[in-house]
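Data block below; observations after.
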Amino acid sequence: MGNIYWDPAKNQKLKTERDISFEEILVCIENQQVLAIIQNPSKKYKGQRAFVVGLNNYVYYVPFVKAGNDLFLKTIIPSRKLAKEYLRQGGD
39 MGNIYWDPAK NQKLKTERDI SFEEILVCIE NQQVLAIIQN PSKKYKGQRA
89 FVVGLNNYVY YVPFVKAGND LFLKTIIPSR KLAKEYLRQG GD
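Printed below as a string of structure tokens:
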């Protein structure tokens, strides 16, 4: 895997509104705390994939696009549906 990028303005917005950051997600990726990598289920974003990350006893959906070897993280979405699925299975 190459470099991982994100929009700094989006990161600041996530910190303010959701109390989470791309830096935290990066640490999870580096520490192999990714529960799964899935295709984006939306037809609108069919080229996107997403990390399913366990963090702070919750599960987050982190869509990304791949450009060569690099990844661009789009946003961080807390997911009750994925939390039920992955935490029940013994995830983070």
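Taking the numbering used here, the leading residue of the sequence shown gets 39, the next gets one more, and so forth.
For each residue, glycine too, the CB sits at the ideal point set by N, CA and C.
Cβ shell of Arg87 (< 7 Å), same chain only, five flanking positions each side left out: Taking the first residue of the sequence shown as 1, we reach residue 87 at position 49. Once the five neighbours on either side are set aside, the close Cβ partners of Arg87 are Ile75, Ile76, Gln77, Asn78 and Phe102.
For Asn49, which residues of its own chain have a beta-carbon under 7 Å away from its beta-carbon, when the five flanking residues on both sides are left out? Translated into the one-based positions of the sequence shown, residue 49 becomes position 11. Taken in chain order, the residues that qualify are Ser59 and Phe60.
In whole angstroms, what separates the C-alpha of Lys81 from that of Arg118? Looking up residue 81 in the sequence shown gives position 43. Looking up residue 118 in the sequence shown gives position 80. Approximately 21 Å between the Cα atoms of the pair.
So, for Cys66: in the same chain, excluding its five sequence neighbours on each side, which residues have a beta-carbon less than 7 Å away from its beta-carbon? Within the sequence shown, numbered from 1, the residue matching residue 66 stands at position 28. The answer, listed in chain order, is Val72, Val91 and Leu93.
May I have the straight-line CA-CA distance separating Val97 from Phe89, to the nearest angstrom? As a first step, residue 97 is located in the sequence shown; it is residue number 59 there, counting from the start. As a first step, residue 89 is located in the sequence shown; it is residue number 51 there, counting from the start. Their Cα atoms are separated by approximately 10 Å.
Compare the Cα-Cα distances from Pro116 to each of Ala47, Asn107, Lys104 and Tyr99 and report the closest residue. Residue mapping note: residue 116 aligns to position 78 of the sequence shown, counting from 1. When each option's Cα is compared against that of Pro116, the closest is Tyr99.
Going by C-alpha distance, which of Ile42, Asn107, Lys112 and Glu123 is nearest Glu68? As a first step, residue 68 is located in the sequence shown; it is residue number 30 there, counting from the start. Among Ile42, Asn107, Lys112 and Glu123, the Cα nearest to that of Glu68 belongs to Ile42.
As assigned by DSSP and simplified to three states, the class of Gln50: As a working mapping, residue 50 is identified with position 12 in the sequence shown. Of the three classes helix, strand and coil, the one that applies to Gln50 here is helix, per DSSP.
I need the straight-line Cα distance from Leu111 to Lys84, nearest angstrom please. Counted from its first residue, the sequence shown places residue 111 at position 73. Counted from its first residue, the sequence shown places residue 84 at position 46. Cα-Cα distance, rounded: 15 Å.
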